[in-house]
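Below is one structure; the comments refer to it alone.
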Amino acid sequence: MSRPRFGRRHVGIRFGSRAVVVIGLFVLVAGGRAVAQQASGRPDLAGGSGASSPASRVPEVPATVTFAKDVAPILQKNCMQCHQSGSIGPMGLTTYEEVRPWARAIRQRVLSGEMPPYRYDRDVGIQQLKDDLRLSDTEVQTIARWVDTGAPLGNRADLPRSPTFPDPNTWAYANEFGPPDLIVRTKPFTLPARGQDVWWRPIVPTGLDEDRCIRAVSVKPSLRGRAAAHHANSEFVVLDEKSGQWVETERVSEYALGKVGEVVPLDACRTLPANSMVRWDVHYYPTGEEIVDDVIEMGIWLYPKDYQRTYKQDLKLYSLLMKGGELEMPPHSTVMTQGFHSFKTPVRIDSFQPHGHFRLVAKTLEIFSPETGKLEMISSISNWTNDWHTSHIYADDAAPLVPKGAVLVVTGYYDNTKENKQNPDPDQWVGLGSRTADEMSHAWIAVTHLDDEGYTKLVAERDARKKAAATTARDRQ
Ligand code: HEC
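Numbering follows this note's numbering, in which position 443 of the sequence shown is assigned residue number 437; successive positions increment by one, without gaps.
And the structure:
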């Protein structure tokens, strides 16, 4: 029997009875279309998820766990950037005294996979990701054992040196690339303390009069507006001479709470078009506090003018609905949507970011190969939450290289029952719409468009690197 392989840890915890419903649905749909779900392991697509998941090589959790020796280093690496004063976490977790009162809550949040906020299944699909915040199973178990044994401090001499963190007001990527070459700001907007969702769609010029290749993009909400700015999408629009209209050419970025930004891979050019404007689409949600003249900034780092790049990368919205399709969720129902997308040339998939609201519970990206009949899981997010939108960026040698004709299969699972803890009202009919109370069904995918020659070359280069790494590993033994 074929079934989606949701992260083991999450199925038991968050899915409960829902898993049964969702899996049943999947079999019906997938079976009806006679899609052959790959039975096990080895993916065939170049650059697929060859690596073993961290779970398969779990080192021992120490018998006696102390804060100083074992827990503090984990918190430094995975928690403190948000849990320190001036950052977005509700409390600091930088010293034993700060952490101790939260021990129980920490145990619960890390066991459930809610903290750190990076929802991505462990035991399925590509596991090598950039900016991956997840803890390993050993780290989770270390924290659990520490709390279960009374959360002792241990020996202060074992404490790691306190880390230094960048000011949360500074730009992401500032360390690597310096200050942004271009900052595009929204026009100021005053958000009332209370009320419905609000959209703010100012159009502002980039000020550049020639095409340039983007190196990285990062969107930075103001400190005060950070909790209210749910999404800030942006796209480049250029003047179409014939119609006299400003038309969309390229997405710039999709900012959502918790997302830092995106770096364009070295071999690709994402174009910032000459004489373009940025059309913002900011989605604010009132937080109970008036925010006066809020401004969201987007930093853009550019490659030098004469920088030649072989391939073009773009970041686009891929729908999971048929053309003109409806999304309709009766009260107390579960629903699945699926979208299929293929390309005229080989491509590389650089990132995957599901999008949905309160009823979305899981989204997956698979690749179907018509040649082999295999459907390979690439990414699965089975404990989705609208609180965090993360773009999962594949590590350079893990980004799937997709042959011409292969099909991206994106699947969304929705739960409008009371089993879904995030569901504000299971008695509602829910339809397509951009309010948080409505639902949406798409994913953002960054795609580098290759040619046949480039595809063959990238596959060969990866194989060579893999062989070299294997040889080095053997020689060491
Ligand atoms: C990307 C930023 C970020 C990171 C990294 C992060 N947190 Fe959080 N954390 C938050 C935010 C924001 C909240 C408040 C919203 C919520 O509860 O989800 C929160 C809430 C919590 C809470 C609940 C507090 C309460 O009021 O009950 C706990 C416990 C927690 N985090 C622990 C951790 C631990 C432990 C880590 C590391 C293993 C971690 N967090 C990593 C941002 C972060």
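The beta carbon of each residue, even a glycine, is placed where N, CA and C say it ideally should be.
So the alpha helix (DSSP H) residue i belongs to, where does it begin and stop?
{"i": "TYR407", "result": "That residue, TYR407, is in no alpha helix (DSSP H); its beta strand (DSSP E) goes 401 to 409."}
{"i": "ILE68", "result": "66 to 72"}
{"i": "GLY448", "result": "446 to 470"}
{"i": "ASP131", "result": "131 to 142"}
{"i": "ILE285", "result": "Not the alpha helix (DSSP H): ILE285 falls in the beta strand (DSSP E), residues 285 to 288."}
{"i": "TYR90", "result": "90 to 93"}
{"i": "LEU217", "result": "That residue, LEU217, is in no alpha helix (DSSP H); it is neither H nor E in DSSP."}
{"i": "ILE100", "result": "97 to 105"}
Does the Cβ of residue i lie closer than 6 Å to at least one heavy atom of the ligand HEC?
{"i": "MET110", "result": "First, the amino acid is wrong: residue 110 is Pro here, not Met. Yes; taking the cut-off as 6 Å, the Cβ of PRO110 has a heavy atom of the ligand HEC nearer than that."}
{"i": "GLY83", "result": "yes"}
{"i": "ARG103", "result": "yes"}
{"i": "TRP96", "result": "yes"}
{"i": "ASN558", "result": "Residue 558 falls outside the range modelled here, since the chain spans only -5 to 471, and no answer is possible."}
{"i": "CYS76", "result": "yes"}
{"i": "ALA145", "result": "no"}
{"i": "ILE387", "result": "no"}
{"i": "ALA99", "result": "yes"}
Going by alpha carbons, who is nearest to residue i out of the options?
{"i": "HIS349", "options": "THR358, VAL341 and ARG342", "result": "THR358"}
{"i": "HIS436", "options": "HIS383, HIS443 and ASP234", "result": "HIS383"}
{"i": "TYR249", "options": "LEU185, THR430 and HIS225", "result": "HIS225"}
{"i": "LEU309", "options": "LEU266, GLN302 and GLU320", "result": "LEU266"}
{"i": "HIS351", "options": "LYS317, ARG155, ASN163 and ASN417", "result": "ASN417"}
{"i": "PRO298", "options": "SER79, TRP240 and PHE171", "result": "PHE171"}
{"i": "ASP261", "options": "ARG468, THR466, LEU452 and ALA463", "result": "LEU452"}
{"i": "PHE159", "options": "HIS77, VAL246, ARG195 and GLU365", "result": "HIS77"}
{"i": "ALA66", "options": "LEU217, TRP423 and ALA97", "result": "ALA97"}
{"i": "ARG303", "options": "GLY448, MET271 and LEU202", "result": "GLY448"}
{"i": "SER313", "options": "ARG195, VAL403 and PHE183", "result": "VAL403"}
{"i": "PHE334", "options": "PRO324, THR328, GLN347 and ILE361", "result": "ILE361"}
{"i": "PRO196", "options": "TYR167, ARG209 and ASP275", "result": "ASP275"}
{"i": "VAL241", "options": "SER270, THR328 and THR132", "result": "SER270"}
{"i": "MET371", "options": "ALA99, SER336, ASP115 and ASN163", "result": "ASP115"}
{"i": "GLN332", "options": "GLU284, ASP446 and MET316", "result": "MET316"}
{"i": "ARG103", "options": "ASP152, VAL134 and GLY406", "result": "VAL134"}
{"i": "VAL59", "options": "ASP421, CYS263, SER106 and VAL141", "result": "VAL141"}
Would a C-beta distance cut-off of 7 Å place residue i and residue j closer than the cut-off?
{"i": "ASP374", "j": "VAL118", "result": "In the sequence under discussion, the amino acid at residue 374 is Ser, which differs from the Asp named in the question. Result yes, Cβ atoms of SER374 and VAL118 sit closer than 7 Å."}
{"i": "GLU322", "j": "ARG273", "result": "no"}
{"i": "TYR112", "j": "LEU127", "result": "yes"}
{"i": "GLN122", "j": "ALA440", "result": "no"}
{"i": "ILE290", "j": "LEU176", "result": "no"}
{"i": "ALA62", "j": "ARG139", "result": "no"}
{"i": "ALA393", "j": "ARG456", "result": "no"}
{"i": "VAL178", "j": "VAL192", "result": "no"}
{"i": "ARG206", "j": "LEU296", "result": "yes"}
{"i": "ALA475", "j": "SER376", "result": "A question about residue 475 goes unanswered here, because the residues of the chain that appear run from -5 up to 471."}
{"i": "PRO146", "j": "GLN70", "result": "no"}
{"i": "ASN410", "j": "ARG353", "result": "yes"}
{"i": "ALA166", "j": "VAL93", "result": "no"}
{"i": "ALA268", "j": "ASP203", "result": "yes"}
{"i": "LEU185", "j": "ASP288", "result": "yes"}
{"i": "THR136", "j": "ASP64", "result": "yes"}
{"i": "SER247", "j": "VAL211", "result": "yes"}
{"i": "GLN347", "j": "TRP438", "result": "yes"}
{"i": "LYS124", "j": "ILE387", "result": "yes"}
Residue range of the beta strand (DSSP E) that residue i falls in?
{"i": "VAL231", "result": "223 to 233"}
{"i": "TYR167", "result": "Unbroken run through TYR167: none, as it is neither H nor E."}
{"i": "LEU309", "result": "305 to 313"}
{"i": "VAL329", "result": "328 to 336"}
{"i": "TYR388", "result": "386 to 388"}
{"i": "VAL341", "result": "341 to 349"}
{"i": "LEU266", "result": "262 to 266"}
{"i": "ILE439", "result": "436 to 443"}
{"i": "LEU185", "result": "183 to 185"}
{"i": "LEU153", "result": "It is not in any beta strand (DSSP E) - LEU153 carries neither H nor E in the DSSP assignment."}
{"i": "ASN199", "result": "Per the sequence shown, residue 199 should be read as Pro rather than Asn. 197 to 199 is the extent of the beta strand (DSSP E) around PRO199."}
{"i": "HIS277", "result": "271 to 278"}
{"i": "VAL178", "result": "176 to 179"}
{"i": "ALA356", "result": "354 to 363"}
Would residue i count as contacting chain D if we go by Cβ distances under 7 Å?
{"i": "HIS436", "result": "This model lacks chain D altogether, as it is built from one protein chain only."}
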